[in-house]
Amino acid sequence: MKTAGMIRLMIESRLENVALIGGSVRGIADTLPIDKVIRYQLELCVVEAVNNVIKHAYHAEAGHSVEVDFQLHPDHVTFKIRDNGDSLNLSRVAPFCFDPLKVETLPERGMGIFILKSLMDEVRYETVNGENILTLIKYLKNRSAPPPEHGD
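Now the structure itself:
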(Lines of atoms letter the chains of each structure in order from A; the text may use other names.)
(Lines give C-alpha, C1' and ligand atoms only; values in the text may rest on other atoms or scores of the structure.)
Protein backbone atom coordinates (compact mmCIF):
# COMPACT_ATOMS: atom_id res chain seq x y z
CA MET A 1 0.00 0.00 0.00
CA LYS A 2 1.25 3.45 -0.89
CA THR A 3 2.39 5.61 2.02
CA ALA A 4 1.98 9.37 1.75
CA GLY A 5 4.42 10.01 4.59
CA MET A 6 6.17 8.54 7.63
CA ILE A 7 7.45 10.06 10.86
CA ARG A 8 9.44 8.20 13.54
CA LEU A 9 9.43 9.42 17.14
CA MET A 10 11.62 7.92 19.86
CA ILE A 11 11.76 8.59 23.60
CA GLU A 12 13.55 7.15 26.59
CA SER A 13 11.27 5.03 28.80
CA ARG A 14 10.47 7.75 31.33
CA LEU A 15 6.86 8.69 32.02
CA GLU A 16 7.67 12.39 31.88
CA ASN A 17 8.68 11.90 28.22
CA VAL A 18 5.22 10.66 27.22
CA ALA A 19 4.02 14.28 26.95
CA LEU A 20 6.48 14.72 24.06
CA ILE A 21 4.77 11.89 22.19
CA GLY A 22 1.31 13.29 23.03
CA GLY A 23 2.22 16.74 21.73
CA SER A 24 3.73 15.28 18.58
CA VAL A 25 0.68 13.12 17.85
CA ARG A 26 -1.57 16.14 18.46
CA GLY A 27 0.46 18.17 15.96
CA ILE A 28 0.33 15.38 13.39
CA ALA A 29 -3.39 14.82 13.91
CA ASP A 30 -4.07 18.55 13.43
CA THR A 31 -2.90 18.17 9.81
CA LEU A 32 -5.31 15.34 9.00
CA PRO A 33 -8.77 15.63 7.42
CA ILE A 34 -10.53 14.45 10.61
CA ASP A 35 -12.63 16.17 13.24
CA LYS A 36 -11.18 17.25 16.55
CA VAL A 37 -12.78 14.39 18.49
CA ILE A 38 -10.93 11.86 16.31
CA ARG A 39 -7.72 13.90 16.72
CA TYR A 40 -8.09 13.71 20.49
CA GLN A 41 -8.79 9.96 20.30
CA LEU A 42 -5.61 9.36 18.29
CA GLU A 43 -3.56 11.23 20.87
CA LEU A 44 -5.27 9.42 23.75
CA CYS A 45 -4.65 5.98 22.23
CA VAL A 46 -0.99 6.54 21.39
CA VAL A 47 -0.31 8.08 24.82
CA GLU A 48 -2.08 5.15 26.52
CA ALA A 49 -0.05 2.66 24.50
CA VAL A 50 3.28 4.38 25.27
CA ASN A 51 2.40 4.65 28.98
CA ASN A 52 1.67 0.92 29.00
CA VAL A 53 5.01 0.12 27.37
CA ILE A 54 6.86 2.09 30.03
CA LYS A 55 4.82 0.74 32.96
CA HIS A 56 4.40 -2.89 31.90
CA ALA A 57 7.01 -3.82 29.28
CA TYR A 58 9.83 -1.91 30.99
CA HIS A 59 8.43 -1.97 34.56
CA ALA A 60 8.87 1.82 34.83
CA GLU A 61 12.63 1.45 34.33
CA ALA A 62 14.32 4.32 32.52
CA GLY A 63 17.03 3.82 29.92
CA HIS A 64 15.07 1.91 27.29
CA SER A 65 13.67 3.20 24.02
CA VAL A 66 10.06 3.47 22.95
CA GLU A 67 9.53 4.14 19.27
CA VAL A 68 6.38 5.42 17.60
CA ASP A 69 6.12 5.26 13.82
CA PHE A 70 3.39 7.28 12.17
CA GLN A 71 2.41 6.42 8.62
CA LEU A 72 -0.07 8.39 6.56
CA HIS A 73 -1.83 6.45 3.82
CA PRO A 74 -4.45 7.79 1.39
CA ASP A 75 -7.32 6.21 3.37
CA HIS A 76 -5.94 5.69 6.90
CA VAL A 77 -3.30 6.50 9.47
CA THR A 78 -1.17 3.92 11.25
CA PHE A 79 0.75 4.21 14.50
CA LYS A 80 3.22 1.46 15.37
CA ILE A 81 4.49 1.50 18.94
CA ARG A 82 7.69 -0.54 19.27
CA ASP A 83 9.63 -1.72 22.31
CA ASN A 84 12.03 -4.45 23.40
CA GLY A 85 10.57 -5.02 26.87
CA ASP A 86 8.42 -7.82 28.23
CA SER A 87 5.79 -8.82 25.70
CA LEU A 88 2.09 -8.51 26.35
CA ASN A 89 0.44 -11.76 27.36
CA LEU A 90 -3.14 -11.33 26.24
CA SER A 91 -4.22 -14.42 28.19
CA ARG A 92 -3.34 -12.55 31.40
CA VAL A 93 -5.48 -9.54 30.50
CA ALA A 94 -8.69 -9.89 32.47
CA PRO A 95 -11.93 -9.48 30.55
CA PHE A 96 -13.31 -6.00 30.92
CA CYS A 97 -16.86 -5.94 32.15
CA PHE A 98 -18.85 -3.40 34.10
CA ASP A 99 -22.36 -2.06 34.28
CA PRO A 100 -22.37 1.24 32.35
CA LEU A 101 -25.37 2.37 34.39
CA LYS A 102 -23.40 2.03 37.65
CA VAL A 103 -20.35 4.27 37.76
CA GLU A 104 -19.10 2.52 40.90
CA THR A 105 -18.50 -0.67 38.87
CA LEU A 106 -16.11 1.12 36.48
CA PRO A 107 -12.58 -0.15 37.18
CA GLU A 108 -9.87 2.35 38.08
CA ARG A 109 -7.20 0.47 36.09
CA GLY A 110 -6.91 -2.05 33.31
CA MET A 111 -8.95 -0.20 30.68
CA GLY A 112 -6.12 0.38 28.18
CA ILE A 113 -6.86 -2.39 25.70
CA PHE A 114 -10.58 -1.68 25.96
CA ILE A 115 -9.96 1.99 25.14
CA LEU A 116 -7.70 1.16 22.19
CA LYS A 117 -10.15 -1.33 20.71
CA SER A 118 -13.08 1.04 21.27
CA LEU A 119 -11.50 4.07 19.60
CA MET A 120 -9.29 2.64 16.86
CA ASP A 121 -10.53 0.80 13.79
CA GLU A 122 -7.85 -1.89 14.04
CA VAL A 123 -5.55 -2.95 16.88
CA ARG A 124 -2.85 -5.59 16.36
CA TYR A 125 -0.07 -6.86 18.59
CA GLU A 126 2.86 -9.05 17.70
CA THR A 127 6.36 -9.86 18.85
CA VAL A 128 8.94 -10.32 16.08
CA ASN A 129 12.56 -11.21 16.89
CA GLY A 130 12.19 -9.85 20.43
CA GLU A 131 10.56 -6.59 19.32
CA ASN A 132 6.98 -5.90 20.45
CA ILE A 133 4.88 -4.03 17.90
CA LEU A 134 1.46 -2.60 18.68
CA THR A 135 -0.26 -1.38 15.52
CA LEU A 136 -3.13 1.13 15.75
CA ILE A 137 -5.07 1.98 12.59
CA LYS A 138 -7.69 4.69 12.08
CA TYR A 139 -9.53 5.10 8.76
CA LEU A 140 -9.98 8.60 7.39
CA LYS A 141 -13.19 10.24 6.15
CA ASN A 142 -15.40 8.47 3.63
CA ARG A 143 -13.97 5.13 4.65
CA SER A 144 -15.29 2.74 7.22
CA ALA A 145 -13.37 0.01 8.97
CA PRO A 146 -13.38 -3.44 7.41
CA PRO A 147 -15.87 -5.91 8.87
CA PRO A 148 -14.54 -7.61 12.01
CA GLU A 149 -13.01 -11.04 11.60
CA HIS A 150 -14.78 -13.97 13.18
CA GLY A 151 -13.86 -14.22 16.85
CA ASP A 152 -13.40 -10.47 17.37
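If you read the sequence shown in full-length UniProt numbering, its first letter stands for residue 1, the second for the next number, and so on. C-beta: ideal position from N, C-alpha, C; glycine also. These numbers were taken from a predicted model, which means no experiment stands behind them.
Minimum C-alpha distance to residue 5 - residue among 37, 53, 134 and 77: 77
Simplified DSSP state of residue 20, which is helix, strand or coil: helix
8 angstroms Cβ shell around residue 65 - same chain, five flanking residues per side excluded: 10, 11, 12, 13, 83 and 84
Between the CA atoms of residue 136 and residue 130 - distance to the nearest angstrom: 19 angstroms
Close-in-space but distant-in-sequence residues of the same chain around residue 133 (CB under 6 angstroms, 5 per side omitted): For residue 133, where only same-chain residues beyond five positions count, the Cβ hits under 6 angstroms are 80, 82 and 126.
Cβ-based neighbour list, residue 28, same chain, cut-off 7 angstroms, excluding 5 preceding and 5 following: 7 and 70
Ordered list of beta strand (DSSP E) runs contained in the segment 22–98, each at least 3 residues: 65–72 and 76–83
Proximity of residue 46 and residue 21 at Cβ, strictly below 8 angstroms: Yes. Within cutoff.
Residue range of the unbroken beta strand (DSSP E) whose run includes residue 138: 131–139
For residue 8: DSSP bridge partner residues: Paired residues: 69.
Proximal residues to residue 57 (C-beta, below 6 angstroms), its chain only, five neighbours per side dropped: 83, 85 and 86
For residue 42 and residue 25, believed in contact at Cβ under 8 angstroms, the rounded distance: 6 angstroms
Cβ neighbours of residue 52 in the same chain (closer than 6 angstroms, five flanking residues each side left out): Cβ-Cβ distances below 6 angstroms link residue 52 to 112 in the same chain, with the five nearest sequence neighbours on each side left out; the list follows chain order.
Range covered by the alpha helix (DSSP H) that runs through residue 118: 112–119
Pair within 8 angstroms by beta-carbon distance, residue 140 and residue 49: no
Counterpart residues of residue 123 in DSSP-defined beta bridges: 136
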